[in-house]
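Numbering-wise (the numbering used here), the first sequence opens with residue 486 and increments by one.
Written out below as structure tokens is the structure these notes cover.
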Amino acid sequence: MPDTKDNAGRIEEGAALKPRFGSLQPKDFIRAIVCADLEANKNNGRVMTRFPPEPNGYLHIGHAKSICLNFGIAAEVEGGKCNLRFDDTNPAKEDVEYVEAIKADVRWLGFDWENRLYYASDYFDQLYRYAVELIKMEKAYVCSLSADEIREYRGTLTEPGRESPYRNRPIVENLELLEGMKAGKFEEGAHVLRAKIDMASPNLNMRDPVIYRIRKAAHHRTGARWCIYPMYDFAHALSDSIEGITHSICTLEFEDHRPLYDWFLDRLNVPCHPQQIEFARLNLSYTVMSKRKLLELVKEGRVKGWDDPRMPTLVGLRRRGYTPESIRNFSERIGVAKRDSLVDVALLEHSVREDLNLRAPRVMAVLNPVRVVLVNYPEDRVEEIEAVNNPEDFNAGTRKVPFSRVLYIERDDFREHPPKKFFRLSPGSEVRLRYAYIIKCVGVVKDEKTGEITELHCTYDPSTTGGSTPDGRSVKGTLHWVSAAHAVEAEVRLYDRLFLVPDPNDETDGRGFMDYLNPDSLKILTACRVEPGLADATPGSLYQFERHGYFSVDPDSAQGKPVFNRTVGLRDSWAKIEKAQKAGGAV
RNA sequence: UGGGGCGUCGUCAAGCGGUAAGACACAGGUCUUUGGAACCUGCAUUCGGAGGUUCGAAUCCUCCCGCCCCAGCCA
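Take a look at the structure:
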């Protein structure tokens, strides 16, 4: 792990004497600002951003948007840099478990902070010195009001606040008190350090905000060395400055904090004054994004953990089968702006399909098997059928798949009474088995009691090797299949959206997001049959099950007993037709 | 009834005084041994509303309407 103590992003002298543009384009309002700054030679042509997560939870797709923005901009500018900085100012909520997970996620997404891994806690000494400076300037004071009293004194949205009776404590007394706080002489809540700004400000953030509070909790990095911790507004602005950040990009809810951000930097003798720019956070339809809600899903057991494939967390998406490329493309497509929006998950799904279409090897898997006996095929004959691994990529080559007299096909691919436009298998109809032969259904065997179809009898046409039709007859349907004697049994987990409504965050009718959970967000199929080549598929690898969708091999897989997660289904135009037929009555 | 933001196609989103990009979705079609993919076509006479300025406005001005955020010793 790189040492971060001595190289905390010092502003390199003479780092850039002329603007460096790199590939940066003004695609969005933030890049437009950066471009303009570069042209004006602001910051000496230097561009430095940062991604500042608090290590109190797992990263989700919303963070990915921010990561792609911050690391993206830095990468697009010649000499641009993006730091990874943990905003670890609240030991009660934070944990090393999260810092490690976050680092892994950022790396997985494809970004590199090189040796610039920082922690706000690296700056605690410096931050403390800044606080002392503020006191000496009479711009900060130790307030001994209780938390409740402070709230009361703060006023409301429409009424100004009142000044704390401790507001005009002498400098020496403030200094002594702060020293005492730092030394652990007081209990939590006894005192806080506040900035002395304006209790009548219409911006509540400016009503003498707390900048240090006593917290006697062990910090995951500094241990018990400190018992006072700086608040976000103070720590963040100054950390940005210490690292020489030029553009401090954050989400909209911090817009009201910008005057405070600037206030600290304008008063203190700091290395530089970064520009804070706010953009709208990502909202995705049919999902929730707040850490609180995600945590609740995990704690209440509604999902199996942070990496449950239904979670919008990066670990969840990864396990589901999403690739870093697809997430980066998605981030690019959604754009960056300031208006609140709800992005359609379909766009995310499109992004994976697009990526996986090009790279996922194709394979045959029967999810809901029904037996097919080729009555005119020799009993013990086994053919090795050649199949293309990826029609989008001829370099992917071919493979052999065993074919024999008894096969499995998808139960859905047979209809005893086929609806209009159904060109799969039905009594008397012909259909092609992918890469193999054309078969015709000549008999249906049912369970006497339940009426369930247990077996289909078909004949195969030996002249149609490889699925060709030498006589030129056209066979519309092509089915995937698997040889019963050779297939491997597999578990397949079919995921669907976690929520039933586009915006589960909407509480206007008194319901909460938990009320909108989709009871069918996970369907586990245990009797699936896949090609023998998949017996020992490597966890994490990705496949396309032909005619079904994209699947990732789950870590729960065991030798000879693979488990697959459906990443996303293929577009299914038959499903659309069928739905339309049902909706429009007959035909 | 305080302050800060935002309102352009179903969903994102360009546009920055010269006459509405693109993507997803959707609808048709071509092709096809994945009803996949690919490809083609269609999809806002109109930019929250009303006035005004201008030869000309989504872009400028005025008023109005709607939505989001802020009263943690959270970030």
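Glycine included, C-beta positions come from ideal geometry on N, C-alpha and C.
Counting along the chain, Met-796 sits inside no alpha helix (DSSP H), nor does DSSP assign it H or E at all.
Look at Pro-809 here: in three-state DSSP terms it is helix. If you ignore the 5 residues before and after Leu-1007, its C-beta comes within less than 8 Å of the C-beta of Arg-795, Arg-978, Leu-979, Tyr-980 and Asp-981, all in its own chain and listed in chain order. Annotation: the continuous beta strand (DSSP E) that includes Ala-1012 extends over 1007-1015. Secondary structure of Ile-518 (DSSP, three-state): helix. Note that the C-beta distance between Glu-728 and Arg-535 is below 8 Å. Shortest Cα-Cα distance from Gly-1034 to any of Ile-894, Lys-624 and Arg-1056 involves Arg-1056. Counting the other Cβ atoms within 10 Å of the Cβ of Lys-1064 gives fewer than 16, which makes it exposed. By the Cβ-count criterion, Met-849 is buried, with 16 or more other Cβ atoms from all chains shown falling within 10 Å of its own Cβ. For the pair Tyr-746 and Ile-730, the Cα-to-Cα distance works out to about 13 Å. The secondary-structure analysis by DSSP pairs Phe-899 across a beta bridge with Leu-910. The closest CA to that of Asn-688, considering only Asp-573, Glu-937, Pro-645 and Phe-514, is found on Pro-645. Counting only runs that start and end inside the segment 523-565, the alpha helix (DSSP H) elements of at least 4 residues fall at 546-561. Close CB contacts of Ile-819 within its chain, under the 6 Å cut and outside five residues either way in sequence, are with Val-828 (chain order). For Ala-850, the beta-bridge partners assigned by DSSP are Val-1015.
Scanning Tyr-604, Asp-751 and Leu-780 for the CA closest to the CA of Glu-618 turns up Asp-751.
With 16 or more other Cβ atoms from the protein chains shown falling within 10 Å of its own Cβ, Ala-1022 counts as buried. For the beta strand (DSSP E) assignment, the uninterrupted runs of no fewer than 3 residues enclosed by the segment 715-777 are, from N- to C-terminal side, 732-736 and 760-764. The three-state secondary structure of Phe-609, taken from DSSP, is helix. Around the beta carbon of Ile-1009, a 10 Å sphere encloses fewer than 16 other beta carbons of the protein chains shown; the residue is thus reported as exposed. In terms of CA proximity to Glu-658, Lys-621 leads the group Lys-621, Ala-680, Ser-649 and Trp-593.
For Tyr-945, same chain residues with a beta-carbon under 6 Å away, outside a window of 5 residues either side, are Leu-859, Tyr-862, Tyr-922 and Ile-924 in chain order. Pairing Val-800 with Asp-590 gives a Cβ-Cβ distance under 8 Å. A straight line joining the alpha-carbon of Leu-767 with that of Asn-880 spans about 38 Å. In the structure shown, Asn-690 falls within a helical segment according to DSSP collapsed to helix, strand and coil. Tyr-945 is bridged by DSSP to Ile-924. Of the residues Val-916, Leu-833, Val-927 and Pro-947, the one whose Cα lies closest to the Cα of Gly-1054 is Leu-833. Looking at Arg-896, Lys-905, Val-773 and Val-783, the one whose alpha-carbon comes closest to that of Ala-1012 is Arg-896. Sorting Asp-725, Ile-682, Ala-517 and Ser-968 by C-alpha distance to the C-alpha of Tyr-603 places Asp-725 at the top. Between the C-alpha atoms of Gly-665 and Val-1048 there is a straight-line separation of about 59 Å. In the structure shown, the three-state DSSP call for Ala-589 is helix.
Looking at the DSSP output, Ser-968 bridges to Leu-892. Contact between Glu-579 and Glu-539 is confirmed by a C-beta separation of about 7 Å, below the 8 Å threshold. Taking every protein chain shown into account, the CB of Lys-931 has fewer than 16 other CB atoms within 10 angstroms, so this residue is exposed. When His-942, Asp-1005, Ser-914 and Ile-894 are compared, the shortest CA-CA separation from Trp-966 is found for Ile-894. A distance of 8 Å or more separates the beta carbons of Val-627 and Leu-594.
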